[in-house]
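Here the sequence shown stands for residues 4 to 113, where the numbers follow our numbering. Here a beta-carbon is modelled for each residue, glycine too, at the ideal position from N, C-alpha and C.
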Amino acid sequence: MSERESWHKEIDLFFVAMGYFTRIPMPSWVEVDSDKLNKASRYFGLVGLLVGLLSAIVFWLTQNWLPAGVSVLLAMLVGVLLTGDSMKMASPIPLMVLVVVGRSKISYGS
């Protein structure tokens, strides 16, 4: 197998992992089967890192203009929209926002 074919195979496996964990549309040339999905598991951590990085970027960009609770909510919403994981992620969102907003209103000191 040439080096170019090897890179194409690895990129294909990365896209298989992205398609498995996110709702981001994959190129039409990506074909998924159980063997490729098994081999794509080496990229699951990278996909999770990218989703987390995108959520962190949203938080970082919004924290200067919006209250902390709203920034956290938007960052979590980006993660939910990217992964489609509404059941696992959406249920703790109201509680987390209340905790963050509640902490910002507590006065420490005189």
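Quick check on residue 74: does DSSP put it in helix, strand or coil? helix
So is residue 47 buried or exposed if we call it buried at 16+ other beta carbons inside 10 Å? exposed
Classify residue 58 as helix, strand or coil using the three-state DSSP reduction. helix
Are the beta-carbon atoms belonging to residue 83 and residue 61 less than 8 Å from one another? No, they are not a contact pair.
Give the DSSP-derived three-state secondary structure of residue 34 in the structure shown. coil
Please report how far the alpha carbon of residue 125 lies from the alpha carbon of residue 53, in whole angstroms. With the chain covering 4 to 113 only, the question about residue 125 has no answer from this structure.
Tell me whether residue 29 sits in a helix, a strand or coil according to DSSP, three-state version. coil
To the nearest angstrom, how far is the alpha carbon of residue 6 from that of residue 13? Approximately 11 Å between the Cα atoms of the pair.
Roughly how many whole angstroms lie between the Cα atoms of residue 45 and residue 69? 37 Å
Let's see if you can read the secondary structure: which residues bound the alpha helix (DSSP H) around residue 5? Where residue 5 is concerned, there is no enclosing alpha helix (DSSP H), given that its DSSP letter is neither H nor E.
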